[in-house]
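In what follows, a single structure is set out as structure tokens and then discussed.
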Amino acid sequence: MNREEFIYLYDGSFTNLLNLCILLIKKRIIPLNIKSEEYQPNLLEEVIKLDCTETINVEEFVRLFSKRIFKTIYYLFISNDINKELIIYYFLIHSLKYKDKIYYMRNLKSVAKALKIEKYVGRENHKFKGFLRFKELENNVLYAEINPENNILFILSKHFETRLANEYFIIKDVGRKILSVYDKKNIYIVSEDEFLPITNLSTNEKFIQDLWKSFYKTIGIKERKNNRCRMNFMPKKYWKYIIEVSDEK
Amino acid sequence: MNLKEKLTILADSAKYDASCSSSGSKNRQNKIGNTNVAGICHSFSSDGRCISLLKILMTNCCIFDCKYCLNRRSNSIKRACFTPEEVCELVINFYRRNYIEGLFLSSGIIKSPDYTMNLMIEAISLLRNKYHFGGYIHAKAIPGASEALLKRLGNLVDRLSANVELPTETGLKLLAPNKDNEKVSKIMNYVKNNKSRRFVPAGQSTQMIIGATRESDLDIMNKSENMYNSYHLKRVFYSAYIPVNSDKMLPTIKKPPLVRENRLYQADWLLRFYNFKVNDILDKDNPNFNLLLDPKADWALRHLNEFPKEINKASYNDLLKIPGIGITSAKRIVSSRRYFKITFNDLSKMGIVLKRAKYFITCDGKYFTDINFFKKSFIERNLVLEDKVKDDTKKIEQLVLFNE
Numbered sequence: 002m003n004r005e006e007f008i009y010l011y012d013g014s015f016t017n018l019l020n021l022c023i024l025l026i027k028k029r030i031i032p033l034n035i036k037s038e039e040y041q042p043n044l045l046e047e048v049i050k051l052d053c054t055e056t057i058n059v060e061e062f063v064r065l066f067s068k069r070i071f072k073t074i075y076y077l078f079i080s081n082d083i084n085k086e087l088i089i090y091y092f093l094i095h096s097l098k099y100k101d102k103i104y105y106m107r108n109l110k111s112v113a114k115a116l117k118i119e120k121y122v123g124r125e126n127h128k129f130k131g132f133l134r135f136k137e138l139e140n141n142v143l144y145a146e147i148n149p150e151n152n153i154l155f156i157l158s159k160h161f162e163t164r165l166a167n168e169y170f171i172i173k174d175v176g177r178k179i180l181s182v183y184d185k186k187n188i189y190i191v192s193e194d195e196f197l198p199i200t201n202l203s204t205n206e207k208f209i210q211d212l213w214k215s216f217y218k219t220i221g222i223k224e225r226k227n228n229r230c231r232m233n234f235m236p237k238k239y240w241k242y243i244i245e246v247s248d249e250k
Numbered sequence: 151m152n153l154k155e156k157l158t159i160l161a162d163s164a165k166y167d168a169s170c171s172s173s174g175s176k177n178r179q180n181k182i183g184n185t186n187v188a189g190i191c192h193s194f195s196s197d198g199r200c201i202s203l204l205k206i207l208m209t210n211c212c213i214f215d216c217k218y219c220l221n222r223r224s225n226s227i228k229r230a231c232f233t234p235e236e237v238c239e240l241v242i243n244f245y246r247r248n249y250i251e252g253l254f255l256s257s258g259i260i261k262s263p264d265y266t267m268n269l270m271i272e273a274i275s276l277l278r279n280k281y282h283f284g285g286y287i288h289a290k291a292i293p294g295a296s297e298a299l300l301k302r303l304g305n306l307v308d309r310l311s312a313n314v315e316l317p318t319e320t321g322l323k324l325l326a327p328n329k330d331n332e333k334v335s336k337i338m339n340y341v342k343n344n345k346s347r348r349f350v351p352a353g354q355s356t357q358m359i360i361g362a363t364r365e366s367d368l369d370i371m372n373k374s375e376n377m378y379n380s381y382h383l384k385r386v387f388y389s390a391y392i393p394v395n396s397d398k399m400l401p402t403i404k405k406p407p408l409v410r411e412n413r414l415y416q417a418d419w420l421l422r423f424y425n426f427k428v429n430d431i432l433d434k435d436n437p438n439f440n441l442l443l444d445p446k447a448d449w450a451l452r453h454l455n456e457f458p459k460e461i462n463k464a465s466y467n468d469l470l471k472i473p474g475i476g477i478t479s480a481k482r483i484v485s486s487r488r489y490f491k492i493t494f495n496d497l498s499k500m501g502i503v504l505k506r507a508k509y510f511i512t513c514d515g516k517y518f519t520d521i522n523f524f525k526k527s528f529i530e531r532n533l534v535l536e537d538k539v540k541d542d543t544k545k546i547e548q549l550v551l552f553n554e
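Residue numbers (my numbering), protein chains in the order written: chain E, 2 to 250; chain H, 151 to 554.
If you want it as structure tokens, here you go:
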């Protein structure tokens, strides 16, 4: 393979990135980097956009690699790592060679890095499965705000789709200004400006929150008080949206 | 009495039950709620314990007079009793808002064991059948209740538990004269022998109070091992004794024995996942845990002739015996070394924490430092120091090198 001094651009979507990576691998090009097309290059960098007309879809991708590898790549894609595209590229190259055995090849730097990021994203998703708090709106819709580091909105919403199948819910990623909306059938991801303002809280909401807060206060055993332990499990960065601790200093 | 007041009273009385796990159940799905195999923690209370279930008593009225218990008959405290509807309302409202993973329902004994169990069954079956709640439910079985009721309750919940309370029968006689071991064993036996798939899918657990009576750690661990073997328990919980009543039978302590409790949990893990036996870690001459070192490190230091172990050769079982190496790490090592020879550098890349392990291993024949340092005194001092000054590892290493 020859090393080229270009930064390759993709349109920001997951499938386009996959296709670009596969094209690069086919052409035996090692990119300097891969970036979404919003990327602002500096004076010394040269960017290039390839024509990815010959494309493969997700099913073909899964057949070519595996379900497990697909999941890893997707978790990398939604991570906030600045070099995620390049890590995906190298992970795919190794995957072609090793298939699912790649998960044992942590001595390879890019594999170790990729699996570390995958775990980090998975962990954050799992944390929010617990720490997310819904509020009930006037129209019975459940509404929650989150501020995750990684773009976990969709995978997190999938969890609540199975759990609260018979509810309408909206989850807002405050930092990314996107919302997921579940209408008892499908999940839609929309941006903030396409969205109507959130209505008032239901009349019952304050009462239930109050009950929960008093339960929270009661359940702690004062003889065992251990703030450091609590912080380890529930770091401050999550507190803003956790109603039972958000007003604690 | 309003709902908030009831909730406060009945949560306050329930808080000493340690169990809060919501894991291990089969995936179930209903109109509202499902269970997650991995379990989910929703919050952490001021004492650092996980909150995943709404932990409440059906009532804190009790006909028993156990010396250590807040709810004993002779205490003059406010008494309350939930109606089944109230329990459902709380669970559904909390669950929809993602405060909880489910319900942990226990109860004081009101009128009779059967009466109490019936009350609990009424609440839980309302929750399952009228509200179609599919989330996690853990219920306490009331000792002395009939088998028919036990069967009904077991078919509604994910986990059942009956507390042995104290590690020995003498302790129980002393502090809980109304309870007896036999009734608890009867429940455990019944749960073990009911093989129906819908019956208690997440298994049974129990709890012991630590430090209220004179039992040694060896007595406690023997009791646990015995119960794991005879009843296939999923968990034994250990709860450091906290004085809530004053009684001449009870010990006077300033602080609950939290370090001891922690050591018991560590040893419990060794029994369940690391193929240790109680005899390996404790014996008549050493009936109590070393409070300065965790049981595995303590064991390793007493068996230093079996170390250092070579990462590239040691069997899976041997890897598990290395302090600092857990199940995930051991599996990762075994599966990876088929493809390459593991060095210290690889171990870090594999996400294996070397802080404790490095003293007990070699990688491809190499020790992490001069092999002449491989002595009990050196390792022990480092491990104890590391625990004491967790944040500042550099300082310790310098300190130790100076001393040598």
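Backbone N, C-alpha and C fix where the C-beta goes; we use that ideal spot for every residue, glycine too.
- Of all residues in the region 400-417 of chain H, only 405, 406 and 408 come within less than 8 Å of chain E when Cβ atoms are compared, listed by chain position.
- Contact with chain E is found for residue 500/H, since one of that chain's Cβ atoms lies less than 7 Å from the residue's Cβ.
- The beta-carbon of residue 215/E is placed less than 7 Å from the nearest beta-carbon of chain H.
- Interface annotation, residue 233/H: not in contact with chain E, CB-CB separation never under 7 Å.
- Contact annotation: in the region 213-237 of chain E, residues whose CB is within less than 9 Å of a CB in chain H are 213, 215, 216, 217, 218, 219, 220, 221, 222, 223, 224, 225, 226, 227, 228, 229, 230, 231, 232, 233, 234 and 235.
- For residue 243/E, the closest C-alpha among the options 156/H, 194/H and 461/H is that of 194/H.
- Rounded to whole angstroms, the separation of the alpha carbons of residue 271/H and residue 112/E is 52 Å.
- Secondary structure note for residue 382/H: it is in no alpha helix (DSSP H), with a DSSP letter that is neither H nor E.
- Against chain H, the CB of residue 180/E has no partner CB under 7 Å away; the residue lies outside that interface.
- When the beta-carbon positions are compared, residue 259/H and residue 266/H come within less than 7 Å of each other.
- Listed by position along chain H, the residues whose Cβ is nearer than 7 Å to that of residue 163/E are 179 and 184.
- Taking residue 414/H as the centre and dropping the five residues before and after it, the same chain places the C-beta of 388 closer than 6 Å to its C-beta, in chain order.
- Chain-ordered, the chain H residues with CB closer than 8 Å to the CB of residue 168/E read 182 and 246.
- For residue 322/H against residue 331/H, the beta-carbon gap comes to about 6 Å, under 8 Å, which counts as contact.
- Nearest CB-CB separation between residue 191/H and chain E: below the 7 Å threshold.
- For the pair residue 363/H and residue 386/H, the CB atoms are not nearer than the 7 Å cut-off.
- Under the 8 Å Cβ criterion, the region 238-254 of chain H counts as touching the region 209-228 of chain E, having at least three qualifying pairs.
- When secondary structure is reduced to three states using DSSP, residue 503/H falls in the coil class, being assigned neither helix nor strand.
- With contact defined as three or more Cβ pairs closer than 8 Å, the region 172-179 of chain H and the region 218-228 of chain E are not in contact.
- Boundaries for residue 190/E: no alpha helix (DSSP H) harbours it, while the beta strand (DSSP E) harbouring it runs 188-192, taken from the DSSP string.
- When DSSP reads this structure, residue 309/H sits in a beta bridge with 288/H.
- In this structure, residue 77/E and residue 89/E form a Cβ contact; the two beta carbons are roughly 5 Å apart against a cut-off of 8 Å.
- Assignment of residue 158/H by DSSP, reduced to helix, strand and coil, places it in the helix class.
- Between residue 180/E and residue 196/E, the beta carbon gap of about 6 Å places them in contact (Cβ cut-off 8 Å).
- Our two residues, residue 296/H and residue 264/H, have alpha carbons roughly 7 Å apart in a direct line.
- Contact annotation for residue 496/H against chain E: 107 and 108 [CB-CB distance below 8 Å, chain order].
- A direct Cα-Cα distance of roughly 43 Å separates residue 167/E from residue 24/E.
- If you compare the alpha carbons of 290/H, 200/H, 278/H and 212/H with that of residue 234/H, the shortest gap goes to 278/H.
- By the 16-neighbour rule on beta-carbons within 10 angstroms, residue 223/E is exposed.
- When C-beta distances to chain H are compared with 9 Å, the residues of the region 134-161 of chain E below that value are 134, 135, 136, 137, 143, 145, 160 and 161, in chain order.
- For residue 245/E, the chain H residues whose C-beta falls within less than 7 Å of its own C-beta are 193, listed in chain order.
- Residue 441/H and residue 410/H have their C-alpha atoms some 7 Å from each other.
- In the structure shown, the three-state DSSP call for residue 203/H is strand.
- Annotated three-state conformation of residue 399/H is coil, per DSSP.
- DSSP places residue 362/H outside both helix and strand once states are collapsed to three, so it counts as coil.
- Contacts with chain E (Cβ-Cβ distance below 9 Å) from the region 348-374 of chain H involve no residue at all.
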